[in-house]
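Below: the structure, in structure tokens.
Residue numbers (this note's numbering), protein chains in the order written: chain A, 1 to 349; chain B, 1001 to 1363.
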């Protein structure tokens, strides 16, 4: 079998194989980002990639070419690898766009992977996004490589000459002051003409709360202690509030606390429809535990799982454990302020 | 040994195709010892019909042509150019050859879950029902196997093809392949009954399943004698070969080429041309039943070759017109196609049967 493979690769039939492969590079659909729009443009009526024999096709098994279009996240990297492994030999990969090169606008993000670390890449096409001409040029370049066996860059860089006596451009100044420990106030009071809200506040003040503040029209911020959170939610449900719009966590490392917010509103009660109550509590950073409201408001469930992924806050009573949205190999709690990004390693002089 | 060789040559020479145009060349070649056997074999009528025209050689050329033509036509309709750079003077006509060569040299993956022997054998087995009808399709004097039941036999072999496709899906053992197989089976039931009834109506009309009688009786093309059967046959042809309005078993956007999803390399090359070959066989039958078969203006110099040439030209024109349908229409849902197949499509074929029986009594 090895002899046969060797014969196919370099025997007398090799020129035929090279010719067939050269004129029949079929890219598989693997769109991850906005470069997909440029790919569509390159194969539509203006530029028509089918001229040079490239035809977009459905599945990995019957194609021989992947165009990685844009950013590859940790989850998508697995898909890319599977697609590449499903593809029969000989197969080729082209990466288009700045994101695939070195991250682009997502540079150094916790969730980003370079495609060249996942699969062997033949050519990179820089640009954000690259033009259709650039993409077709990349395919032509791959065809040339198949024909001659040598990869070469199609870009000519011109030499920069140092000019004496020219004043260097002024760089933009850095921001004047960066606060070491910014003050985060969730319930800043504001005077508004809102009679119904004041009425509602009076009702709420009867409960065991730390403070009730009107922050804007139709917005009320309610601060409770962690132990009272669940009871307050039950009381709010009795008032007519029936769902959680969002669950939010704010990390305040300077004061060593997390602020956990529940934005609660109503669909069933017409008067309460425009009202959003921000029910929030403060918990210590070390023992980040808060009781879950998922059994009272079912819509809070998924958002609590997400916050658990990002901040490591444990919601007591929510049965979910482990990663929900993030890929299994993502570093822990990426949205905490003290999260350290992986540093880029540069090799060179 | 020599006596045996002489006997074979005698049999071959007794049934030679006569073409006045190349007769001098044949006469000079037949004197050369070894070459004469080859020339006599090629010009032996059954061999010529099955292997050269309208058989395998024309089938290969047709495959190259139809794939290129479909891609080019679709491209033109979408305001694109289509395959071009591979051979500019030919307008990219050898694009299908490049794709075929690429498939030929590519790795053929057999995945772990597949039923290995069937997965590899079935694409090759599927060629038996596709290629056998060609032996029974006559073109004038050029005929492989001469039988008065040729049309019935062709229909019987065509009906066997979907079974191999369902088996291919089963051997693949993948969810998309399974869905595709089930769809193929459902579509098979939907088109096969109207298709067979349409053919029976034409057999009633002509009074025989013998292609020679069929051609003889067509004083005007059969399409005008029984337009309903013509329509039913045309739609059944689109459904049977998974052309685009009924591309339901192979819908590549939904179920990723259905039964053929797991095939790669040369095996996919084999299964991909199945539908095209089926289309060729069905279009040959279509030409014989509805378009006057091999009848046409005769050129004396070509002799016996007139009939196959006319048959192939008419078939290719019919197929090219069907290719336009593919590039223009969107796909039906499976329930729409089935409802159509079981309701008015079936009713239309029964009506065609009545008309066929009536006209058959008159003429």
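Just so it is clear, CB atoms sit at the ideal spot from N, CA and C, and this is done for glycine as well.
Legend entry - residue 1239 of chain B and residue 1280 of chain B closer than 8 angstroms at C-beta: Taking 8 angstroms as the cut-off, the Cβ atoms of residue 1239 of chain B and residue 1280 of chain B do not count as close.
Inset, instruction - Compute the Euclidean distance between the alpha carbons of residue 1016 of chain B and residue 1075 of chain B, then round it to the nearest angstrom. - result: Going from the Cα of residue 1016 of chain B to the Cα of residue 1075 of chain B covers about 44 angstroms.
Inset, instruction - Indicate whether at least one CB of chain B lies closer than 8 angstroms to the CB of residue 38 of chain A. - result: no
Inset, instruction - Determine contact between the stretch 217-224 of chain A and the stretch 194-209 of chain A, defined as no fewer than three beta-carbon pairs at a distance below 8 angstroms. - result: yes
Legend entry - Inter-residue CB distance, residue 149 of chain A and residue 94 of chain A (contact presumed, cutoff 8 angstroms): Not a contact, Cβ separation roughly 17 angstroms.
Inset, instruction - Report the partner residues of residue 1044 of chain B according to the DSSP bridge assignment. - result: B/1016
Legend entry - Beta-carbon proximity list for residue 21 of chain A, same chain, < 8 angstroms, skipping 5 on both sides: 64, 90 and 146
Legend entry - Nearest residue (CA-CA) to residue 232 of chain A, options A/281, A/86, A/53 and A/268: A/281
Legend entry - Close Cβ partners of residue 355 of chain A (< 6 angstroms) along its chain, the five nearest in sequence each way excluded: The structure shown does not extend to residue 355 of chain A, since chain A spans only 1 to 349, so no value can be given for it.
Legend entry - Residue interval of the alpha helix (DSSP H) (run including residue 145 of chain A): Its alpha helix (DSSP H) spans residues 132-148.
Legend entry - Per-residue contacts from residue 24 of chain A into chain B (C-beta, under 7 angstroms): 1098, 1099 and 1102
Legend entry - Sequence-distant residues of its chain with Cβ nearer than 8 angstroms to residue 324 of chain A (five each side left out): 302, 305, 306, 308 and 309
Legend entry - At least three beta-carbon pairs within less than 8 angstroms, the stretch 1107-1120 of chain B to the stretch 36-47 of chain A: No, they do not touch.
Inset, instruction - Would you decide whether residue 1203 of chain B is buried or exposed? Buried here means 16 or more other CB atoms lie within 10 Å of its CB. - result: buried
Legend entry - Through-space distance from residue 264 of chain A to residue 246 of chain A, alpha-carbon basis: 8 angstroms
Legend entry - Integer-rounded CB distance, given that residue 244 of chain A should sit under 8 angstroms from residue 299 of chain A: 5 angstroms
Inset, instruction - Kindly indicate which residue of B/1071, B/1275 and B/1194 has the alpha-carbon position closest to the one of residue 1340 of chain B. - result: Ranking B/1071, B/1275 and B/1194 by Cα distance to residue 1340 of chain B puts B/1194 first.
Legend entry - Backbone CA spacing between residue 273 of chain A and residue 313 of chain A [nearest angstrom]: 29 angstroms
Legend entry - the stretch 1136-1150 of chain B in contact with the stretch 1047-1062 of chain B per 3-pair CB rule at 8 angstroms: yes
Inset, instruction - Can you have a look at residue 1113 of chain B and say buried or exposed, based on whether 16 or more other CB atoms are within 10 angstroms of its CB? - result: exposed
Legend entry - For residue 219 of chain A, the three-state DSSP class (helix, strand or coil): Three-state DSSP puts residue 219 of chain A in a strand.
Legend entry - Helix, strand or coil at residue 1139 of chain B [DSSP, three-state]: strand
Legend entry - Contact under 8 angstroms by Cβ, residue 53 of chain A with residue 1085 of chain B: yes
Legend entry - Close Cβ partners of residue 349 of chain A (< 6 angstroms) along its chain, the five nearest in sequence each way excluded: Caution is warranted here: a pLDDT of 48 is assigned to residue 349 of chain A, below 50, making its placement in the model unreliable, and the coordinate value is therefore given only provisionally. Once the five neighbours on either side are set aside, residue 349 of chain A has no close Cβ partner at all.
Legend entry - C-alpha gap between residue 297 of chain A and residue 242 of chain A, whole angstroms: 7 angstroms
Inset, instruction - Determine, using beta carbons only, whether residue 349 of chain A comes closer than 8 angstroms to chain B. - result: A caution first: residue 349 of chain A carries a pLDDT of 48, below 50, which makes its placement in the model unreliable, though a value can still be read off. Not an interface residue.
Legend entry - Beta-carbon proximity list for residue 1167 of chain B, same chain, < 6 angstroms, skipping 5 on both sides: The answer, listed in chain order, is 1122.
Legend entry - Of the residues B/1333, B/1264 and B/1073, the one placed nearest residue 88 of chain A, counting alpha carbons only: B/1264
Legend entry - Span separating the alpha-carbon of residue 45 of chain A from that of residue 1310 of chain B: 37 angstroms
Inset, instruction - Name, please, each residue of chain B whose Cβ falls closer than 8 angstroms to the Cβ of residue 61 of chain A. - result: Using a Cβ-Cβ cut-off of 8 angstroms, residue 61 of chain A is close to 1109, 1261, 1262, 1263, 1264 and 1268 of chain B, given in chain order.
Inset, instruction - Whole angstroms is fine: what's the gap from residue 198 of chain A's alpha carbon to residue 285 of chain A's? - result: 34 angstroms
Legend entry - Whole-angstrom C-beta distance between residue 290 of chain A and residue 316 of chain A, which should lie under 8 angstroms: 7 angstroms
Inset, instruction - Could you confirm whether any beta carbon from chain B is found closer than 8 angstroms to the beta carbon of residue 130 of chain A? - result: Interface criterion not met: the Cβ of residue 130 of chain A is under 8 angstroms from no Cβ in chain B.
Legend entry - Where residue 108 of chain A falls: helix, strand or coil (DSSP): Taken through DSSP and simplified to helix, strand or coil, residue 108 of chain A comes out as coil.
Inset, instruction - Determine the chain A residues that contact residue 1091 of chain B at a beta-carbon separation under 8 angstroms, and present them in chain order. - result: Under the 8 angstroms cutoff, chain A gives no residues; its nearest Cβ is about 11 angstroms from residue 1091 of chain B.
Inset, instruction - Would you mind telling me which residues of chain B sit closer than 8 angstroms to residue 19 of chain A, beta carbon to beta carbon, in chain order? - result: 1098 and 1101
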